């Protein structure tokens, strides 16, 4: 059960439907970290863009190094990654 309420994809409309479609995987699943932004679609878009920039944008760190940092932080926070 989610601690933060969110709008299910079946109840989404307008821009939220577009964002669900854009950020869902091929099976139609949306990461929980994005789903919690459903009450504020702009924050969902901003979160996804920030993540994309941090993980894929210009950086002195390689993609592998960035992924390793993300795994280490997730493990420290006892989060599934």
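Numbering (this note's numbering), first residue to last: 830 to 910.
Ideal placement from N, C-alpha and C gives every residue a C-beta, glycine not left out.
Here the structure is a predicted model, which means the values were calculated and not measured.
Should residue 897 go down as buried or exposed, given a rule of 16 or more other Cβ atoms within 10 Å for buried? exposed
From residue 870 to residue 877, what does the alpha carbon distance come to, in whole angstroms? 11 Å
Does the beta-carbon of residue 883, which I'm using as the reference point, lie nearer than 7 Å to any heavy atom of the ligand ADP? The ligand content of the structure shown is nil, which means the ligand ADP is not present either.
With DSSP run on the structure shown, which of helix, strand or coil describes residue 888? Reduced to three states, the DSSP call for residue 888 is coil.
Using CA atoms only, rank isn't needed, just tell me which of 843, 868, 838 is closest to residue 854. Proximity to residue 854 across 843, 868, 838 peaks at 838, based on C-alpha coordinates.
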